[in-house]
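Structure first, then comments.
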Amino acid sequence: MTILTGKQLPSAIPQSAPSPAPSAPRGAPPAVALVAALLGFSLTSFDASAVAVSLTSLGEDLGGGITGAQWVVDAYTLAFAGLLLSSGLLADRFGAARTYGAGLAAFVLTSALCGFAPSLGWLLAGRVAQGAAAAVVLPSSLALVRRAYSRPEARVRALAVWATGGSVAVALAPVIGGALTTAWGWRGIFYATLPLGLVALALLARADRSAEPVTRGRRLDLAGQLTAVLAVTALSVAVIEHGPVRWVAAGLAALGALGFVRAERRAAEPAVPLALLRGRAVAAALLAGCAASTGFFGLVFLYSLFFQQAQGNSALETGLLFLPMTSLIAVTNVVSGRLTARYGARLPMLAGQVLATAGALFLLLATGPGTSSVALAFALVPLALGCALTVPALTTLMMEAVPAARAGVAAGVLNAARQNAAGLATAVFGSLVAGGFAGGTRASLAITSVVFAGAALATYRLTRTDARETAPAPAGRP
């Protein structure tokens, strides 16, 4: 089974001639676009993790219990995931820079609205809007980086920096979120995104967009988009809620999934070109991304509740307890990027997934009613390092397996899969611990280890040719 490369494009994926982008500042180095993209991506990553630490404080202020906490996380995550499919197409259709600027401006505005929310209902509405804005920011930021660098070697390094920046934001989010919650309450987390968002917009105005390709004539796949949103949202409702609502939601989720497959098969310009998913490298990257999001974001949510509600730690103490888990992520991302640039994506992905599988099993044995918070904080480290080793490599694997003209769609598909996995993990893990922290935590860790083992198997089955096709060609080779 072959993968899609920059020189291969199945006829099932529609193409149209690129047209020049509108005039824009010329002469700015690619690093300006990289930093602008990095800031926006980091903000969306920071928000997803920092809010988890503030859930206990937020619940005391606005109410809602564990179910309310799940929806504060999932209202953002599901809107984020559900709209990523179309937002990737927007980056290809209107240009990455223009799409990124609009999404980032909306993210800054909706962050302020979340900070002012007077009730849980208003906050959930704001989180949906914030997630929709983040859905525009993420794939367009990745496409912006992908298109700013024409040389494969430089592009691999830039993609690694982009992925590292998001990981640094995720790493710092629990500590900074805990400090902001302690100092100003949960609202401070939303206000903290405003100045950095404005800086990113200022940098974007200076970025060189003169050579950016845009694709004319493509239309949004509304049927595919709506059925995807229905499927993922209804599935989360089925997991979180109880009674008749659960069964109705489960039926809607099944109908949404079937409708999505049918819509994508029939659409002339599908949101998810099914031919894009047939490559072995693309499938491995998607599965690896889902596993990493399940392990990292699912367990940050789980242990944020566990540290505070089961063990009585404050928000700041909880953030500090995540520090051993997150402090080495940035360094590990850099190592992964260098390994990927030298050997291709398969080696760091496989090593990371094996380490994460072992880490989840170790946590399963270590977590118990008599285990101290400090011991658990260090027990989280192996799994986090496994995720950190995997993410830059899988991002490169995905982006190098598709042509540049489909970078936005590929980014949308990859990150939609990752965000859906994070949202589903939050829903499942929250529902499991609602019946008791001890049993729910063990069940959550067992699920995590199985998911990582499956991803490791898929990566192991990548052939040497699959792996080499994602590595940059040596100097002098075409």
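Taking the numbering used here, the leading residue of the sequence shown gets 788, the next gets one more, and so forth. Using N, Cα and C, we set each Cβ at its ideal position, and we do this for glycine too.
Assign residue i to one of two classes, buried (16 or more other C-beta atoms within 10 Å of its C-beta) or exposed (fewer than that).
i: P1179; result: buried
i: V955; result: buried
i: G1038; result: exposed
i: P926; result: buried
i: R1205; result: buried
i: P1060; result: buried
i: G1139; result: buried
i: Y1090; result: buried
i: E1051; result: buried
i: R880; result: buried
i: W1034; result: exposed
i: W971; result: exposed
i: A1233; result: exposed
i: G1043; result: buried
i: R934; result: buried
i: G1226; result: exposed
i: A1128; result: buried
i: P817; result: buried
i: A941; result: exposed
i: F1023; result: The question names Phe, but residue 1023 in the sequence shown is Ser. Buried is the call here.
Is it the case that the Cβ atoms of residue i and residue j are separated by a distance below 8 Å?
i: A1079; j: F1047; result: no
i: S928; j: F828; result: yes
i: R1236; j: L1151; result: Residue identity check: residue 1236 is Ser in the sequence provided, not Arg. Yes; because the gap between Cβ atoms is below 8 Å, this pair is in contact.
i: G1085; j: A1209; result: yes
i: T886; j: V923; result: yes
i: V915; j: A960; result: no
i: A919; j: A866; result: yes
i: A1021; j: T1177; result: no
i: F1094; j: T1213; result: no
i: L849; j: L931; result: no
i: L876; j: A1072; result: no
i: G965; j: A1102; result: yes
i: T1246; j: L1137; result: yes
i: G890; j: A904; result: no
i: V822; j: L983; result: no
i: V1032; j: A1188; result: no
Alpha carbon to alpha carbon, what distance is there between residue j and residue i?
i: L826; j: T1105; result: 25 Å
i: T968; j: L845; result: 9 Å
i: P939; j: A1058; result: 27 Å
i: C1134; j: T1119; result: For the sequence presented, residue 1134 should be read as Leu rather than Cys. Their backbone Cα atoms lie some 14 Å apart in a straight line.
i: S1309; j: L900; result: One cannot answer for residue 1309 here, as it falls past the ends of the chain, which runs 788 to 1265.
i: G1099; j: R1049; result: 49 Å
i: G888; j: L988; result: 7 Å
i: T980; j: V895; result: 7 Å
i: M1186; j: A994; result: 21 Å
i: A1062; j: P1156; result: 49 Å
i: A1240; j: G1082; result: 12 Å
i: A893; j: Q917; result: 8 Å
i: G902; j: V957; result: 20 Å
i: L1172; j: M1112; result: 8 Å
i: A1054; j: V1019; result: 20 Å
i: S1159; j: A1153; result: 10 Å
i: V1267; j: G953; result: Because the chain is modelled from 788 through 1265, residue 1267 falls outside the range shown and cannot be assessed.
i: I853; j: G908; result: 15 Å
i: L1148; j: L1017; result: 34 Å
i: A1166; j: L1110; result: 12 Å
i: H1029; j: A1040; result: 15 Å
i: T1182; j: A1203; result: 13 Å
i: S1114; j: V986; result: 25 Å
i: S746; j: C1174; result: Outside the shown range of the chain (788 to 1265) lies residue 746, about which nothing can therefore be said.
i: A1036; j: W973; result: 31 Å
i: A992; j: A856; result: 37 Å
Relative to the C-alpha of residue i, which candidate in the options has its C-alpha closest?
i: V948; options: V819, A1044, A1068; result: V819
i: V860; options: V840, M1186, L872, D879; result: V840
i: V1141; options: A1132, P1169, S1114; result: P1169
i: L830; options: R944, G851, A921, A1054; result: A921
i: V943; options: I976, L1126, S1159; result: L1126
i: L1249; options: E1051, I853, G1066; result: G1066
i: A1221; options: L1092, D1008, G1139; result: L1092
i: L872; options: V1196, A1212, F1239; result: V1196
i: A1162; options: A1230, A1214, L1176, L1108; result: L1108
i: L946; options: N1207, S836, L1013, A1132; result: A1132
i: L1184; options: S1160, A950, G1043; result: A950
i: A1243; options: A1145, T1228, A1153, T1213; result: A1145
i: W858; options: S1114, V1069, F1216, L1167; result: F1216
i: G975; options: L1007, L842, A1175; result: L842
i: F1224; options: A1010, L985, A1097; result: A1097
i: L1009; options: L1115, W973, G869; result: G869
i: A1198; options: G1124, L1064, S1123, Y1130; result: L1064
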